[in-house]
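Colleague:
Numbering (my numbering), first residue to last: 2 to 61.
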């Protein structure tokens, strides 16, 4: 026995305009999250060793 398609059930109670707005908001949030993750990874790869070196020299 398979699970019901909950997305289809909830979508049937929304207007097409509401559904489109929800999908756009979810896409923008996902895009923002991925963008922030990529920028943090690039920043860490570029400046991570320098920051650690400076911190270690200050602690010594």
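Cβ coordinates follow ideal geometry from the N, Cα and C atoms, glycine included.
What first and last residue would you give for the alpha helix (DSSP H) that runs through residue 8?
Modeller: Note, residue 8: alpha helix (DSSP H), 7–12.
Colleague: Note down the Cα distance separating residue 50 from residue 58, rounded to an integer number of angstroms.
Modeller: Each residue's alpha carbon lies about 12 Å from the other.
Colleague: Since residue 20 and residue 12 are thought to touch, with beta carbons under 8 Å apart, how far apart are those beta carbons, to the nearest angstrom?
Modeller: Residue 20 to residue 12, Cβ: 6 Å. Contact.
Colleague: Among the residues of its own chain, which have a CB less than 7 Å from the CB of residue 5, if the five just before and after it don't count?
Modeller: Taken in chain order, the list of residues that qualify is empty.
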